[in-house]
Each structure stands twice: as C-alpha cells, then as structure tokens.
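> Below are the structure tokens for one structure; questions will follow.
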Amino acid sequence: MATTDALIEIADASVNFGGVAAVQGASLAIRRGEFVAVVGPNGSGKTTLLRLLHGVVAHSGLRIVQAGGEPQAMVFQRPFLLRLSARDNLRLALWLAARRWPAQERRARIDAALRKVGLWPLRERAARSLSGGEQQRLALARAWALGPAVLFLDEPTASLDPSAKKEVESVLAAFAAEGTTLVMSTHNLGQAKRLATRVVFMDEGRIALDLPTADFFARSGRDARADRFLAGDLPWSLD
Amino acid sequence: MNAFADSAATAAGLIVHADPVLVRTMALSFAVSGAACAIAAVFGLFAGAWLAATRFRGRRVMLWALDTMLALPSVVVGLVVYLLLSRSGPLGSWGILFTPVAMVIAQTILVLPVIAALARQVVAGALRDGGEQLRSFGAGPLACALLMLLHERWAVLTLLLIAFGRAIAEVGAVMIVGGNIDGVTRVMTTSIALETSKGDLPLALALGVVLLAVVALLNGLIALLPREAGGERAEAS
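Below, the structure is given as structure tokens:
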C-alpha cells in the first residue's frame, strides 16, 4: 500500500449481499484527523462502505488497519440503545469493548462523555424514553467514551428535526476539533460542506470521486454523475 | 346451570375458608411447576439465545425439531419419563418415580422447548435491530444474544409466564409419573381429574376456577411491576 499515515485503508474491496454488489472495487485511505463525508444517491453503497471500513461486514479485497489497532466505533442511523438508563448504556459499551481502564477512569470517561453531549442531567433516565435527538447524542457519547481513533457515523442526523440536527452537528464539530478522525455518510450536502474536510462521492457501489471538500463543491475534478447529483437529478438534499 | 352455580359457590367457599387440603395441593402445584420452569429457563433461555445467534450445519433441522416439540403431548412426556424412572428403566435406581421430583423432571421436559423456541424468536428479533451495534463494540455473537435477553427482559418474563401456564395446567405427565398420591403428589390438575372421575363435577369445576383465579392473580401482580420510567420511544423521531 502506498499510504503510510492511513489509520484504515481498503484496496479493491468489494461487498456482496446475496449476489448483489453493494460495494465494488473500493480503494480508500482514512488519515488521522480527517473528517470524511461519504455522499451519494440512495442505494449507492454509502452505509456498506462505512461498515466495510469499520470491519463489521464480510468482504473481498484488502482492509488494513494501522499497526496497534487503534480503537474504532460506529454510530448507526437508528441508534440502538438497550432498555437501560443512559449511563448504563455507556457502562455496558465500555464493558463489551473490554477497554483496560481502571474503574475510576472508566467512570470518569462515562461522566465526561455524558457532559460533553449535554446529557448529564438525564443520565439516569431510561435511554429509550429520550427524544430522537437525545438518543442520537447518547449514541455519540457512547461511541466517544470508547476513546476511538476513528468514529464512523451512518447518517447520524437523517431522522432528526432541525434543532436536534444542529445539536448533533455541534457535537460532531467538537469531536473533530479535538482530533477524532470522523467518517460520516450523509444525504445532506450542506452538512458535508459545513463539517467535512474531504468528500467521497459514491455511485452505484463505486467510489466515483474523492476530493477535498472545497474542490468537490467548486466543481474542480467533478464528473457528470456528480454534477447530476448536485443538480438534484439523483436523490439528495441540501439544508 | 346448577352445576356452574354450585361450582362458583364451592370455589368461593374453598377460598374463603382457606381449605387446608386445597392450600396444600395448590402449594405443591406451584412448587412443582415453578421449579420446572426455573430449571427449564436456565437451559431454555441459553439454548434459545444460542440458536438465534449462531449459524451452523444442521441448524434448520434443529429449529424444525424444536418447533415440533412445541406440540409435545404431556402424556407422551409422562410415559417417557415413567419408562426412564420405573424400576426396570435405566434410571430406576434413583427411586424417584411417584415423587414430586419426577413430576418436576417431566414438566421441565415439557416446557423446555416452549422457552427455547420463544426465546429464540425474541432474541432473533432484537438482534435484527441492534446486533450489529453490539458487535461493533466487540461483543461476540453469544454475548450479543445473552445481552438481548436482558434487553428484552419483559418479553422474556412473558414467555416464562406462558411456560408456567403450560406446566401448571397440564395433567397427563404429572398423573403418570406422580401417581396422584394424596398428600404426596396430588396437584390441582390431578385433583380435578380425580373429582371428575368420581362424578363430583361441581367440585372439579370449582378447583379449576380456583387454579385459574390464582394464576390470574400472579399474572396481575407481574403486570403491576414497575417497568421503564417515562415510556419508550421506539426509534429516533
């Protein structure tokens, strides 16, 4: 592999679901400190690409994680929270992830994560009784508490109202500011423009473009399909 | 109609006067069925979680066999356990035939498939929703499945109540392996069968009403247990 500073790298990787190619021949390197937005029409393979990078889906081709295997975490579009309190959801995630932190540090991380996303006052509330935005922030806190070097986000604001969307975006911006590498799939090009440092455009299971955010939106190096996508001829949204 | 009226009056009288024979019989019914469900729960919940989480050659056959076992006739279970525990059987040396222990064994066999099959369905549904999220934290398939039992604890409680209902209402197995010995192995359902055979239909019906009333009371108490505060939102909105 050519890249040496990549935290995660895939080369000519493909994912098939029952004979249907969800991702085909993808090559991509995620470098430390980047905020990568994966955009594309519905069914273009964005979510599968994230799952492939995260290593939770069977694939062909190469997937290389930096030596030392720095921890990763993923926040799914519909956060799955156990029927426990907000704080217990974080406790359990840390226990499952088998982080070798002393109990005191574990507690401190959980408390810091809940404060970071503004859920400290709701820490003892049943997680599944929280609002949609609060549930998504709790999922972000849970992922952050694991201390990931790379955090994958699958359309984290897709089903949220504008104010909840804004809350989640500010949490993501804070994560990025402190150096967490973020890879986010989104339908929302405005969000990609606001947050990302790099845009990967997926089309029909292939990585069609991989450009710095400014270049992607300035049309330099864009292809015809990406132009159609940005023109709204393929399903997308900008808000 | 007289038989129904007599039954209602008899049932009320038995409950109001806390008839000692009735109390003893009811206590044994609950002890036997409760113990059987507790033992079956340990193995059945684990088996159900395991079947939901793992994929292996022959799994479909195992699921088909498990679903078939849901229709297991209690008299057949009683007969098999009787043959195993009878003096000439392979486990005859244990000397437990016609004891409550034999009844517990028979009922455990009867409800184990119920618990395993229903637990598998509950866990499989939960894994579809959140299995990938838990795996992304590093949990193995079995750990995910066992956590889902905790996550779906109210559904698990409901399936245990279903299993308990099947156990306490069955008569075939306990009659064969228990022998319906007064004061030793007589439970509510075998008492009902005995009174029916004696022709005392109002008393038999009254015992049925008492059994149903006590189980209804138990279910009611469980339904009153505090669940999640503040209700639940199924998904982000």
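Residue numbers (the numbering used here), protein chains in the order written: chain S, 1 to 239; chain L, 1001 to 1237.
Cβ coordinates follow ideal geometry from the N, Cα and C atoms, glycine included.
1) Quick one: which residues of the segment 35 to 65 of chain S get their C-beta closer than 7 Å to a C-beta of chain A? List them in chain order.
2) Taking Cβ positions only, does L96/S come closer than 8 Å to chain L?
3) Determine whether the Cβ of L1221/L lies closer than 8 Å to any Cβ atom of chain S.
4) Taking 8 Å as the threshold, find out whether the segment 86 to 93 of chain S comes into contact with the segment 109 to 122 of chain S through three or more Cβ pairs.
5) Can you name the residues of chain L whose CB is closer than 7 Å to the CB of A86/S?
6) Measure the beta-carbon distance from L151/S to A73/S and round it to whole angstroms, keeping in mind my assumption that it falls under 8 Å.
7) Quick check: what's the CA-CA separation for L243/S versus A1106/L?
8) State the DSSP-derived secondary structure class of I1181/L, mapped to helix, strand or coil.
9) Assign V57/S to one of three DSSP states: helix, strand, or coil.
10) Mind checking which residues open and close the beta strand (DSSP E) that includes E34/S?
11) For the candidate residues V1111/L, M1026/L, W1094/L, T1054/L, whose alpha-carbon lies nearest to that of T1068/L?
12) Just checking my contact of L1207/L with S1191/L at CB under 8 Å: how many whole Å lie between their CB atoms?
13) Which residue marks the beginning of the beta strand (DSSP E) containing T181/S, and which one marks its end?
14) Any contact of the segment 1177 to 1191 of chain L with the segment 1146 to 1159 of chain L, i.e. 3+ C-beta pairs under 8 Å?
15) Does the beta carbon of L114/S come closer than 8 Å to any beta carbon on chain L?
16) Take L182/S and list the residues in its own chain whose beta-carbon comes closer than 6 Å to its own, dropping the five residues that flank it on each side.
17) Would you mind reading off the limits of the alpha helix (DSSP H) that contains E167/S?
18) Check whether chain L comes within 8 Å of L151/S, counting only Cβ atoms and requiring the distance to be less than that.
19) Taking only beta-carbon positions, decide if A22/S is within less than 8 Å of chain L.
20) Using a C-beta cutoff of 8 Å, does L82/S count as contacting chain L?
21) Which ranges does the alpha helix (DSSP H) cover as unbroken runs of at least 4 residues, wholly within the segment 1046 to 1108 of chain L, from first to last along the chain?
22) Would L1028/L and P1100/L be called neighbours here (beta carbons separated by less than 8 Å)?
23) Does M202/S pass the burial test, meaning 16 or more other C-beta atoms within 10 Å, or should it be called exposed?
24) Under DSSP, the alpha helix (DSSP H) around E134/S begins and ends at which residues?
25) Taking only the alpha-carbon atoms, compute the straight-line gap between L1063/L and A1117/L and give it to the nearest angstrom.
26) Residues in its own chain within less than 8 Å of A6/S by CB, not counting five upstream and five downstream?
27) Rounding to the nearest angstrom, what Cα-Cα distance links A957/L and V1104/L in this structure?
28) At a cut-off of 7 Å, is Q77/S close to the ligand FMN when judged by its beta-carbon and the heavy atoms of the ligand?
29) In whole angstroms, give me the CA-to-CA distance for Q24/S and G205/S.
30) Helix, strand or coil, according to DSSP, for P79/S in the structure here?
31) Name the two residues that bound the continuous alpha helix (DSSP H) containing D88/S.
32) Determine the burial state of T47/S: buried for a count of at least 16 other Cβ atoms within 10 Å of its Cβ, exposed for fewer.
33) DSSP state of E1170/L, grouped into three classes?
34) Any C-beta of chain S within less than 8 Å: which residues of the segment 1125 to 1137 of chain L qualify?
35) Could you name the residues of the same chain whose beta carbon sits closer than 6 Å to that of A1204/L, not counting the 5 residues immediately before and after it, in chain order?
Working from what's here:
1) The chain labelled as chain A is not found among the protein chains of the depicted structure, namely S and L.
2) Against the first sequence, residue 96/S aligns to sequence position 96. At least one C-beta of chain L is nearer than 8 Å to the C-beta of L96/S.
3) Within the second sequence, residue 1221/L is the residue found at index 221, counting from 1. By this cut-off, L1221/L is not an interface position.
4) Yes: the two stretches touch, three or more of their Cβ pairs being nearer than 8 Å.
5) As a working mapping, residue 86/S is identified with position 86 in the first sequence. Within chain L, no residue comes near A86/S; the closest Cβ sits about 11 Å away, beyond 7 Å.
6) The residue given as residue 151/S occupies position 151 in the first sequence. The residue given as residue 73/S occupies position 73 in the first sequence. Right, their Cβ atoms sit about 5 Å apart.
7) In the structure displayed, chain S extends from 1 to 239; residue 243/S sits before or after that span and is not available.
8) Reading the second sequence from its first residue, position 181 is the one you call residue 1181/L. Taken through DSSP and simplified to helix, strand or coil, I1181/L comes out as coil.
9) As a working note, residue 57/S is residue 57 in the first sequence. Residue state, collapsed to three classes: coil.
10) The residue labelled residue 34/S in the question sits at position 34 within the first sequence. That residue, E34/S, is in no beta strand (DSSP E); it is neither H nor E in DSSP.
11) Position 68 of the second sequence, counted from the start, is the residue given in the question as residue 1068/L. The shortest C-alpha separation from T1068/L is found at V1111/L.
12) For the purposes of this step, residue 1207/L is identified with residue 207 of the second sequence, where counting begins at 1. For the purposes of this step, residue 1191/L is identified with residue 191 of the second sequence, where counting begins at 1. The Cβ separation is near 6 Å, so the contact holds.
13) Indexing the first sequence from 1 puts residue 181/S at position 181. Counting along the chain, T181/S sits inside the beta strand (DSSP E) bounded by residues 181 to 185.
14) Here the segment 1177 to 1191 of chain L does not lie against the segment 1146 to 1159 of chain L, with fewer than 3 beta-carbon pairs under 8 Å apart.
15) For the purposes of this step, residue 114/S is taken as the residue at position 114 of the first sequence. In terms of beta-carbon proximity, L114/S stays away from the interface with chain L, with every pair separated by 8 Å or more.
16) Counting from one through the first sequence, the residue named residue 182/S turns up at place 182. Beyond the five residues adjoining it in sequence on each side, L182/S comes within less than 6 Å, by CB distance, of F35, L151, A176 in the same chain, given in chain order.
17) In the first sequence, the residue the question calls residue 167/S occupies position 167. Residue range 162 to 177 is occupied by the alpha helix (DSSP H) that includes E167/S.
18) Within the first sequence, the letter at position 151 stands for residue 151/S. Chain L contact via Cβ: absent.
19) Start at 1 with the first residue of the first sequence, and residue 22/S comes out as number 22. With 8 Å as the cut-off, A22/S does not count as an interface residue toward chain L.
20) Sequence index remark: in the first sequence, residue 82/S carries index 82 (1-based). True, the Cβ-Cβ gap to chain L drops below 8 Å.
21) Note on the segment 1046 to 1108 of chain L: whole alpha helix (DSSP H) runs with a minimum of 4 residues are 1059 to 1069, 1074 to 1085, in chain order.
22) Residue 1028/L sits at position 28 when you count from the first residue of the second sequence. Residue 1100/L sits at position 100 when you count from the first residue of the second sequence. Closer than 8 Å, so yes.
23) Within the first sequence, the letter at position 202 stands for residue 202/S. Buried.
24) Counted from its first residue, the first sequence places residue 134/S at position 134. Where E134/S is concerned, the enclosing alpha helix (DSSP H) stretches over 132 to 145.
25) If you number the second sequence from 1, residue 1063/L lands on position 63. If you number the second sequence from 1, residue 1117/L lands on position 117. About 8 Å.
26) Position 6 of the first sequence holds residue 6/S. By the criterion of a C-beta distance shorter than 8 Å, A6/S is surrounded in its chain by A29, I30, R31, I64, Q66, once the five residues flanking it on both sides are discounted.
27) As shown, chain L starts at 1001 and ends at 1237. That puts residue 957/L outside it, with no answer to give.
28) Inclusion of the ligand FMN in the displayed structure is not the case, the ligand content being empty and no account of it being possible.
29) Position 24 of the first sequence, counted from the first residue, corresponds to residue 24/S. Position 205 of the first sequence, counted from the first residue, corresponds to residue 205/S. If you take the alpha carbons of Q24/S and G205/S, they lie about 6 Å apart.
30) Position 79 of the first sequence, counted from the start, is the residue given in the question as residue 79/S. In this structure, P79/S counts as coil in the three-state DSSP scheme.
31) Mapped onto the first sequence, residue 88/S falls at position 88. Counting along the chain, the alpha helix (DSSP H) containing D88/S begins and ends at 86 to 96.
32) Translated into the one-based positions of the first sequence, residue 47/S becomes position 47. Buried: at least 16 other Cβ atoms inside 10 Å.
33) Residue numbering aside, residue 1170/L sits at position 170 when the second sequence is read from its first letter. In the displayed model, E1170/L falls within coil according to three-state DSSP, outside both helix and strand.
34) Correct list: D1129, G1130, E1132, Q1133, L1134, R1135, S1136, F1137.
35) For the purposes of this step, residue 1204/L is taken as residue 204 along the second sequence, with counting starting at 1. Excluding sequence neighbours, A1204/L sits near I1192, E1195, T1196.
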